[in-house]
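Novice: Note that the sequence shown covers residues 601 to 696 in the numbering used here.
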Amino acid sequence: MAQKPVIKWITSTILAYIGVGFLYYIAGYLENWATGKQNVFSPIVGLPLTVISWPQMVIADLTHFQTLGLRRPALIALFALAVLVTIAFKRLIRSY
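Right under this line is the structure:
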């Protein structure tokens with residue numbers, strides 16, 4: 601039995617959300633490691649929290665651009681989001 605298009609779209613959207621959040625977490629973790637900063641939370645706590653709330657963190661990074669500077673995790677998350685939206689748009693066009 602083939603999946604319904606709505607179920608397929610919801611599944612791919614959830615996986616994309618989790619994927620971008622995971623990329624944001626890994627980029628932030630590696631940035632902290634490269635600059636010698638200590639990570640406050642262990643990955644057991646930090647990863648689920650970041651995967652759930654990465655859009656708010658990206659907005660905070662972009663809002664406080666003047667004081668924090670341009671952070672790499674925000675750039676990586678926005679780039680990954682743009683790629684995933686482009687792929688979804690191409691799939692949508694191809695389906696019609």
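All C-beta atoms in this analysis are idealised placements derived from N, C-alpha and C, irrespective of residue type, glycine included.
Could you give the residue range of the alpha helix (DSSP H) that holds Lys608?
Specialist: Segment 605-635, the alpha helix (DSSP H) holding Lys608.
Novice: Would you report the Cα separation of Glu631 and Arg691, rounded to the nearest angstrom?
Specialist: Going from the Cα of Glu631 to the Cα of Arg691 covers about 33 Å.
Novice: For Arg694, count neighbouring Cβ atoms within 10 angstroms of its own Cβ and tell me buried if that reaches 16, exposed if not.
Specialist: Exposed, because fewer than 16 other Cβ atoms sit within 10 Å of the Cβ of Arg694.
Novice: Identify which residue in Gly619, Val606, Leu675 has its Cα closest to the Cα of Asp661.
Specialist: If we check each option's Cα against that of Asp661, Leu675 comes out closest.
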